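S.K.: In this note's numbering, the protein residues as written are 1 to 125. The C-beta atom is built at its ideal place from N, Cα and C for all residues, glycine as well. What you are looking at is a predicted structure, and each value in this text was computed from that prediction instead of being measured.
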């Protein structure tokens, strides 16, 4: 698909890869479409990233857009691992590492991870 996109798609096309392993497939697709900017590719794991950011924002009582650098490792499934270890939260106008801002390792290692992993199934149920 990457080669076909590279050949016939507009160079400002936005590509959403859904099939698992979504993040790996997005990377491979982008490799075979070198004329399309890498930032135009995204995977379904972006939804999971948004969910993770929302969980952190709610925990800290801040806006979702004030949470950044959350990473989703793995696929768009219950095997994913949401990682806030390098995430940053803007609190009162100042950037603060999320682990320090949350100040609850148990939450970040269990409740946060489990909630994000299971959110897709919860929405469907």
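In this structure, what does DSSP give as the bridge partners for residue 42?
M.R.: 16
S.K.: What residue range is occupied by the uninterrupted alpha helix (DSSP H) comprising residue 37?
M.R.: Here residue 37 belongs to no alpha helix (DSSP H), and DSSP marks it neither H nor E.
S.K.: For residue 104 and residue 72, I'd like the C-alpha separation in whole angstroms.
M.R.: 20 Å
S.K.: Tell me, please, which residues DSSP counts as bridged to residue 91.
M.R.: 94
S.K.: Taking DSSP's pairing of strands, which residues face residue 68 in a bridge?
M.R.: Under DSSP, the beta-bridge partners assigned to residue 68 are 88.
S.K.: Which one of 26, 8, 55 has the shortest CA to CA distance from residue 15?
M.R.: 26
S.K.: Where DSSP assigns a beta bridge to residue 83, which residues make up the other side?
M.R.: 71
S.K.: Rounded to whole angstroms, what's the CA-CA distance from residue 107 to residue 124? Just pull it up for me.
M.R.: 24 Å
S.K.: Flag this pair as yes or no: are the beta carbons of residue 84 and residue 64 separated by less than 7 Å?
M.R.: Taking C-beta atoms as the reference points, residue 84 and residue 64 fail to come closer than 7 Å.
S.K.: Around the C-beta of residue 34, are 16 or more other C-beta atoms found within 10 angstroms, so that it is buried, or is it exposed?
M.R.: exposed
S.K.: Less than 6 Å between C-beta atoms, sequence neighbours within five positions excluded: which residues of the same chain meet that for residue 90?
M.R.: 66
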